[in-house]
Amino acid sequence: MPSHTVSDGLQRLAAQHRSATAHLQRAPWRYRSKRKGLKLTPTEKLAVVKKKLERREKRASVIADAQQTVSDVIAKAQAELGVQDFQQVKTEIMQDRRKATTKRAPNRWNAFVMSEAKRMNDALPDGAPRLKSSELAGQIRERWLAMSPEERVAATTNTIQELADKREMRRHAPHNTAISAFHDARASITAMQRDLEALHERTGVEAVLMVVRTSPDHYNRPFAFVTSQRAESFFSYTLNTQAIDVALHLESFCLSGVTGLVEKGREWFAQTRMRLQVIILNKLRNVAQANVPKMQYKNFHRQITARYGVVIEGWPLDKFVPPSLVKSRTELEVLLRAWETDATRFRKLSKQEFQLWQENHVREAQSTEDSDDDESEETIDDTALGGGAEPFMQDLVPSTRSDPTESSVQDESPSQAVTQLKSNPRNDTLTNIVNVVMSASGTAVPIVKKPRKTRSDKGKPRKKRPSSTETATITPSPVTVSASPAS
Numbered sequence: 001m002p003s004h005t006v007s008d009g010l011q012r013l014a015a016q017h018r019s020a021t022a023h024l025q026r027a028p029w030r031y032r033s034k035r036k037g038l039k040l041t042p043t044e045k046l047a048v049v050k051k052k053l054e055r056r057e058k059r060a061s062v063i064a065d066a067q068q069t070v071s072d073v074i075a076k077a078q079a080e081l082g083v084q085d086f087q088q089v090k091t092e093i094m095q096d097r098r099k100a101t102t103k104r105a106p107n108r109w110n111a112f113v114m115s116e117a118k119r120m121n122d123a124l125p126d127g128a129p130r131l132k133s134s135e136l137a138g139q140i141r142e143r144w145l146a147m148s149p150e151e152r153v154a155a156t157t158n159t160i161q162e163l164a165d166k167r168e169m170r171r172h173a174p175h176n177t178a179i180s181a182f183h184d185a186r187a188s189i190t191a192m193q194r195d196l197e198a199l200h201e202r203t204g205v206e207a208v209l210m211v212v213r214t215s216p217d218h219y220n221r222p223f224a225f226v227t228s229q230r231a232e233s234f235f236s237y238t239l240n241t242q243a244i245d246v247a248l249h250l251e252s253f254c255l256s257g258v259t260g261l262v263e264k265g266r267e268w269f270a271q272t273r274m275r276l277q278v279i280i281l282n283k284l285r286n287v288a289q290a291n292v293p294k295m296q297y298k299n300f301h302r303q304i305t306a307r308y309g310v311v312i313e314g315w316p317l318d319k320f321v322p323p324s325l326v327k328s329r330t331e332l333e334v335l336l337r338a339w340e341t342d343a344t345r346f347r348k349l350s351k352q353e354f355q356l357w358q359e360n361h362v363r364e365a366q367s368t369e370d371s372d373d374d375e376s377e378e379t380i381d382d383t384a385l386g387g388g389a390e391p392f393m394q395d396l397v398p399s400t401r402s403d404p405t406e407s408s409v410q411d412e413s414p415s416q417a418v419t420q421l422k423s424n425p426r427n428d429t430l431t432n433i434v435n436v437v438m439s440a441s442g443t444a445v446p447i448v449k450k451p452r453k454t455r456s457d458k459g460k461p462r463k464k465r466p467s468s469t470e471t472a473t474i475t476p477s478p479v480t481v482s483a484s485p486a487s
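Last residue of the sequence shown: 487 (the UniProt record's numbering), numbering continuous.
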């Protein structure tokens with residue numbers, strides 16, 4: 001039964017002056033004798049056309065009669081079996097395999113026939129008609145039967161590999177000319193179309209086949225085939241278009257080279273990130289004067305600064321993240337240029353700076369714990385927590401000159417210092433700490449830190465502990481109970 005097709009076979013594009021685009025060479029695998037063309041008169045051409053039309057009409061009539069015969073046989077089987085569904089009986093009758101799933105490997109007999117046919121044809125004079133292997137099979141068979149197994153192996157050792165190479169070449173090697181590729185594609189697609197139509201008739205499955213070219217030098221037009229109107233309706237209802245339009249879009253995508261640009265972009269990102277990782281790690285090892293195993297971005301102050309006394313200056317991005325997390329091409333290029341030109345660099349802290357950093361780092365950790373304990377009772381200002389702009393480096397490192405207010409600060413009593421620390425625990429830390437990662441403008445770049453474990457009683461009201469005086473006041477006095485004598 002005829003099926004719905006979007007286009008009537010693979011069509012050839014009307015184009016001229018095409019050039020071959022295949023890079024691999026395709027060797028000839030059979031001999032073609034030159035044919036002498038026959039020049040027909042207009043009367044003879046008309047007779048040929050008339051004969052073709054008669055043959056086509058006869059073919060259509062015979063196929064229609066055969067289809068009717070098959071329908072009658074199916075109807076007869078349906079009546080005898082008592083089945084109500086005509087399509088079910090038709091499927092069971094026509095459920096047979098039409099295409100071979102396996103192919104024979106080259107054997108020694110085929111190799112011997114090929115070598116003998118080539119030898120006999122080479123002995124013919126020039127211009128003589130070539131002999132086919134089917135015509136020489138009888139003569140070759142007599143010689144084959146007269147040979148021993150050892151002689152057969154020796155005669156076909158080299159030929160059998162040549163036969164396998166020819167099969168592989170015919171199956172996978174690209175064509176030397178675009179017109180050869182077009183004829184191969186048209187013949188193959190026609191066979192596939194027939195197989196899909198037969199498969200649809202036997203099993204009822206739906207199939208969609210689209211074939212497009214990948215080079216402007218190819219001849220074939222976009223081709224789309226569907227096995228029934230149901231498959232064509234899928235494109236109309238879901239995509240509001242037709243299958244041939246989807247094939248046109250697919251051809252445009254294949255000819256545009258978008259996939260190549262995407263792959264080149266991914267390759268550039270991978271190479272640039274790898275290059276950045278190598279540069280950063282080498283610079284870190286040179287400045288730290290140690291074999292640092294890995295550059296750490298998360299908890300940089302603990303993993304790098306605390307161990308090696310190294311900070312970063314001139315970080316160009318807003319966030320301190322590894323190159324693998326930089327998604328923008330522009331930011332990745334800026335980061336690479338900054339490291340290559342030493343605009344972004346590592347710096348090793350001096351002993352005084354590192355000692356100051358260690359003291360303030362411990363103080364910051366203690367103040368963080370105190371702020372966690374007092375979180376439900378008091379609210380800390382956002383500016384004190386570092387929400388505003390960080391001070392510059394020269395303002396954070398203490399100067400060697402004597403400070404006129406130093407004596408007054410040292411004369412403060414310990415109780416006053418403790419009171420000042422509790423009132424605003426972050427002020428002193430942010431005034432003296434050395435920034436671990438600094439931007440090009442001198443401001444601190446926030447570092448991703450490992451989140452602290454949340455307290456189990458966070459957000460819950462806490463009961464006030466009574467003082468010692470209140471405990472003594474409300475403690476009840478002991479009651480003495482005396483036993484009265486029994487009367």
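Backbone N, C-alpha and C fix where the C-beta goes; we use that ideal spot for every residue, glycine too.
Review point. Cα-Cα, which of Asn286, Leu332 and Arg167 is closest to Asn110?
Key: Arg167
Practice item. Please specify which runs of the alpha helix (DSSP H), each continuous and at least 4 residues long, are wholly inside the stretch 35-96, giving them in chain order. Key: 42-81 and 86-93
Exercise for review: Consider the Cβ of Ala47: report whether some Cβ of chain D lies at a distance smaller than 9 angstroms.
Suggested key: Here chain D cannot be found, since the structure has a single protein chain.
Exercise for review: Determine the contact status of Ala247 and Pro222, defining contact as a CB-CB distance below 9 angstroms.
Suggested key: yes
Check your understanding: Under 9 angstroms between the Cβ atoms of Thr227 and Leu199?
Key -> yes
Review point. Helix, strand or coil: how does DSSP classify Asn282 here?
Key: helix
Exercise for review: Given a cut-off of 9 angstroms, decide if Arg230 and Glu201 are closer than it, judged by their beta-carbon atoms.
Suggested key: no
Point to revise | According to DSSP, residues forming a beta bridge with Arg345 | key: Glu313
Point to revise | Distance CB(Ser115)-CB(Thr156) smaller than 9 angstroms | key: yes
Check your understanding: Are Ile244 and Trp339 close, meaning C-beta to C-beta below 9 angstroms?
Key -> no
Practice item. Grab me the residues of Phe235's own chain with a C-beta within less than 7 angstroms of its C-beta, minus the 5 sequence neighbours each way, in chain order. Key: Thr241, Gln242, Ala243 and Val246
Practice item. For Met120, name the three-state secondary structure that DSSP assigns. Key: helix
Practice item. Measure the C-alpha to C-alpha separation of Arg219 and Ala185 and round it to an integer number of angstroms. Key: This sequence places Tyr at residue 219; Arg is not what is there. Using only the alpha carbons, I get a separation of about 10 angstroms.
Practice item. For my contact list, Val262 and Lys348 are in at a C-beta cut-off of 8 angstroms; report their separation, rounded to the angstrom. Key: No, Val262 and Lys348 are not in contact; Cβ-Cβ is about 42 angstroms, not under 8 angstroms.
Check your understanding: Start and end of the alpha helix (DSSP H) containing Phe182?
Key -> Ala178 to Thr203
Exercise for review: Can you grab the Cα-Cα spacing for the pair residue 490 / Pro293, in whole Å?
Suggested key: The question about residue 490 has no answer, for the chain in this structure spans 1 to 487.
Review point. Excluding five sequence neighbours on each side, which residues of the same chain lie with their C-beta closer than 7 angstroms to the C-beta of Ile189?
Key: Leu10, Val211 and Phe223
**Study point:** Candidates Arg337, Pro323 and Glu313, of which the one nearest Val445 by Cα
**Key:** Glu313
Review point. Using the beta-carbon count (16 or more within 10 Å), is Tyr237 buried or exposed?
Key: exposed
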